[in-house]
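>
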Amino acid sequence: MAKLVIVDTGCANISSVYFAIKRLGVEPVISADAAIIKQAERVILPGVGTAKAAMHNLAERDLISTLQGLQQPVLGICLGMQMLTAHSMEGDVACLGLIPGEVAPLNAAGLRLPHMGWNTLHSISKHPLLKGFTAQDYLYFVHSFAVVPSQYSLAQCHYGSDFAAVIGKDNVAGAQFHPERSGKVGARLLQNFLEWQL
């Protein structure tokens, strides 16, 4: 049984997520096989690109109901986090609906888009995923759409306006930033995910 499965969404950041997990001493499996994903101890949903294309890929691979039924810890990264919500305005597409929320164009208040580079978090919750995080930690972001802050926000980021940087509900959580590209701070989030007990 695979300890950790990275869902093969057909997106571009899978190999960097794979090597980031491997550096933590865990050999992940990359798979689009529903049976392998269901049996994993933990599941990561990566993603870059558009919500419409990524949800289309999941539908093509017949993985939507599989992902919606998982009971083990699940982590969405970047677009993978946005796909955990109910709906994305990027392409007006229904998402997985695992965490209530809406993905909207980032209100950057005149700042350059996409939001690309290093930024800090605020309103950091006590969730196990964020153990050891402070408002001084910098993380790497690349995105033009973001999850609107709500009761499911575990941490927020400010870029022209506030958006949800980490979200969570029950066994599912997501990070808008790229932990696999965020050095030691990003590695801490991935390590926290590996240790997260429901």
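Just so we're on the same page, my numbering is the position in the sequence shown counted from 1, plus 71.
Think of the CB as a built atom: it goes at the ideal place given N, C-alpha and C, for glycine as much as any other residue.
Just so you know, these numbers come straight off a predicted model, no measurement behind them.
Checking the sheet assignment: what are the DSSP bridge partners for A157?
Sequence index remark: in the sequence shown, residue 157 carries index 86 (1-based). In DSSP, A157 forms no bridge with anything.
> Exposed or buried, E161, counting other C-beta atoms within 10 Å across all chains shown (16 or more means buried)?
As a first step, residue 161 is located in the sequence shown; it is residue number 90 there, counting from the start. Flag for E161 reads buried.
> Consult DSSP for Q227 and reduce its assignment to one of helix, strand or coil.
Working through the sequence shown from its first residue, we reach residue 227 at position 156. In this structure, Q227 counts as strand in the three-state DSSP scheme.
> Return the residue from the list E251, L184, Q222 that minimises the CA-CA distance to K240.
Counted from its first residue, the sequence shown places residue 240 at position 169. Among E251, L184, Q222, the Cα nearest to that of K240 belongs to Q222.
> Which residues bound the alpha helix (DSSP H) around H127?
Indexing the sequence shown from 1 puts residue 127 at position 56. H127 -> alpha helix (DSSP H) spans 122-131.
> So the candidates are I170, V145, G254; which of them puts its Cα closest to the Cα of F90?
Translated into positions along the sequence shown, residue 90 becomes position 19. The candidate whose alpha carbon is nearest that of F90 is G254.
> Considering Cα atoms alone, identify which of L177, E251, L269 is closest to R94.
Start at 1 with the first residue of the sequence shown, and residue 94 comes out as number 23. Among L177, E251, L269, the Cα nearest to that of R94 belongs to E251.
> Short check: CB of C216 to CB of V174, under 8 Å?
For the purposes of this step, residue 216 is taken as the residue at position 145 of the sequence shown. For the purposes of this step, residue 174 is taken as the residue at position 103 of the sequence shown. In the sequence as presented, Cys is not what sits at residue 216; that position holds Phe. Yes, they are a contact pair.
> Is DSSP giving R252 helix, strand or coil here?
Position 181 of the sequence shown, counted from the start, is the residue given in the question as residue 252. R252: helix per DSSP, three-state reduction.
> Is it right to say H186 is buried, meaning 16 or more other beta carbons lie within 10 angstroms of its own, or is it exposed?
Within the sequence shown, residue 186 is the residue found at index 115, counting from 1. H186 should be labelled buried.
> Check whether the Cβ atoms of P117 and G151 lie closer than 8 Å to each other.
Locating residue 117 in the sequence shown gives position 46, where the first residue counts as 1. Locating residue 151 in the sequence shown gives position 80, where the first residue counts as 1. Against a cut-off of 8 Å, the Cβ pair of G151 and P117 comes out as a contact.
> Classify P176 as buried or exposed, calling it buried when 16 or more other Cβ atoms lie within 10 Å of its own Cβ.
Looking up residue 176 in the sequence shown gives position 105. With fewer than 16 Cβ atoms within 10 Å of its Cβ, P176 is classed as exposed.
> Going by DSSP in three states, N263 sits in which element: helix, strand or coil?
The count along the sequence shown starts at 1 and reaches residue 263 at position 192. In the structure shown, N263 sits in a helix (DSSP, three-state: H, G or I).
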